[in-house]
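Presented below is the structure to which this report refers.
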DNA sequence: CCATAATATATCAATTTGATATAAAAATAA
DNA sequence: TTATTTTTATATCAAATTGATATATTATGG
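Residue numbers (full-length UniProt numbering), protein chains in the order written: chain V, 1 to 184; chain D, 1 to 184.
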């Protein structure tokens, strides 16, 4: 699923500017499965416009750069449904934190604790944000958005709890090994 | 964390060819947080060799292409520790399946069921593979590898269970909406 | 009053993806 | 037995994406 398709997906929920699409990728339900920075969004929107899948209306704003508001059209919606009908690629997950923690034996207990605590706080914030806003932020609460948000919530909660429940054991093991090495 | 660094990480666990590094990214503990295809691994290994962080010994094989076995050296290990000491970037997750399911209202119940069942089977396979091999596959079971593998297992299990527990409700809602629309 | 965040688009080098090419053995299916 | 697929192994390259940077004004917090 390339950025062009994810942009079509956001626009299927309502008109947006490139800047607003970026926000959808960072917050809200799309943030659980979609990514994309300005460097990919703006070219994607230009390409979609050139291909006649979305329409652009420039809104001159006072004391702000002109805002280009994009709206999906019939052909664009057909293209989205077409992409949606294809077999999904495998999920992709990348985590610097897990990479670092894999080498926990080479790190100080203090650093381990700091890293894990920070990530727990991050998940807590994310979870609080999701439960407060609830259906509101989740695309007006359709069956699909609800399902996807629930998935995100469940996974974040598990990740958070795992870090919380296993932090002490990890640090203990690393500390023990450090003391053994120091004694040699 | 770029591919160069992840390659250094794999090589810190033992010597490997490019082909074997790829397998580490697909299976085993590294698969939970690292990615990379041949198109990024081979250039990364060339670059690391040129930078003097790893050493390469070509092993001529009978009836096989020459195998280039790479080994991390002291400078490479220092570079790895240096990268490990930096603040980790945010985790990145991308899922075509969730993107498709977000638009569940535009899909047939049959397709929804097929997609979700396939993903449950995928998670089951992954979880079975992880529990059977256990510490064996997890880098000889150090504190870090164990922690990371446990994380992967917990998250996969939650994802699998969520799909299983919420599949019926999603399909019911979509079916209900379809019947309402058809009646209009 | 000053610094930072938010609004808004755009560009671009460097990196990464995903596909393709090559080649043969081993495993599996027909 | 034969045909197909998978596995072993490296390499390249166009296209897509990332991450940083540029520009400019308003709003907000300290």
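We put the CB at the ideal spot given by N, CA and C, even for glycine.
With respect to chain D, the C-beta atom of residue 53 of chain V has no partner C-beta closer than 9 Å. By the rule that beta-carbons nearer than 9 Å mark a contact, residue 95 of chain D touches chain V.
Look at residue 27 of chain V here: in three-state DSSP terms it is coil, with no helix or strand label. For the beta strand (DSSP E) assignment, the uninterrupted runs of no fewer than 3 residues enclosed by the stretch 69-154 of chain D are, from N- to C-terminal side, 92-94. Residue state for residue 55 of chain D is assigned as strand, using DSSP reduced to three classes.
Taking the beta carbon of residue 148 of chain V as reference, the chain D residues within 7 Å of it are 98, 101 and 102, listed in sequence order. Beta-bridge analysis with DSSP links residue 16 of chain V to V/70. Relative to the Cα of residue 129 of chain D, the nearest Cα in the group D/29, D/4 and D/53 belongs to D/29. Out of D/161, D/94 and D/177, the CA that lies nearest to the CA of residue 144 of chain V is found in D/177. DSSP places residue 33 of chain V in the coil class of the three-state scheme, outside both helix and strand. By the neighbour-count definition (other C-beta atoms within 10 Å, threshold 16), residue 19 of chain V is an exposed residue. At least one CB atom of chain V sits nearer than 9 Å to the CB of residue 105 of chain D. Annotated three-state conformation of residue 2 of chain V is coil, per DSSP. The beta carbon of residue 180 of chain D does not come within 9 Å of any beta carbon belonging to chain V, so the residue lies off that interface. Identification of chain V residues near residue 129 of chain D by a Cβ-Cβ cut-off of 8 Å yields none; the smallest Cβ-Cβ distance measures about 15 Å. Distance from the Cα of residue 162 of chain V is smallest, within the candidate group D/121, D/108, D/170 and D/146, for D/146.
Going by beta carbons, residue 1 of chain V and residue 88 of chain V fall inside the 9 Å limit.
For residue 16 of chain V against residue 10 of chain V, the beta-carbon gap comes to about 6 Å, under 8 Å, which counts as contact. Rounded to whole angstroms, the gap between the alpha carbons of residue 37 of chain V and residue 3 of chain D is 20 Å. Excluding sequence positions up to five before and after residue 171 of chain D, its CB lies within less than 8 Å of the CB of 109, 112 and 113, all in the same chain and listed in chain order.
Taking CB atoms only, residue 11 of chain V has no neighbour in chain D less than 9 Å away.
DSSP, read as helix, strand or coil, puts residue 184 of chain D in coil. In this structure, residue 116 of chain V lies near residue 101 of chain V, with their beta-carbon atoms less than 9 Å apart. Neighbours of residue 166 of chain V in chain D, taken as residues whose beta carbon is under 7 Å from its own, are 147 and 150 in chain order. Excluding sequence positions up to five before and after residue 35 of chain V, its CB lies within less than 7 Å of the CB of 25, all in the same chain and listed in chain order. The residues 8 and 53, in chain order, have a CB closer than 7 Å to that of residue 79 of chain D in the same chain once the five nearest residues on each side in sequence are set aside.
Around residue 32 of chain D, the same chain offers 148, 149, 151 and 152 as residues with beta carbons nearer than 8 Å, after the five sequence neighbours per side are excluded. Rounded to the nearest angstrom, the gap between the Cα atoms of residue 155 of chain V and residue 40 of chain D is 29 Å. Within chain V, no C-beta atom comes less than 9 Å from the C-beta of residue 8 of chain D; the nearest is roughly 10 Å away.
Residue contact check for residue 117 of chain V against chain D: no CB pair falls below 9 Å. Residue 92 of chain V belongs to the set of residues whose beta carbon lies under 9 Å from a beta carbon in chain D. What residue 162 of chain D touches in chain V, judged by beta-carbon distance under 8 Å, is 150, 151, 154 and 155, going in chain order.
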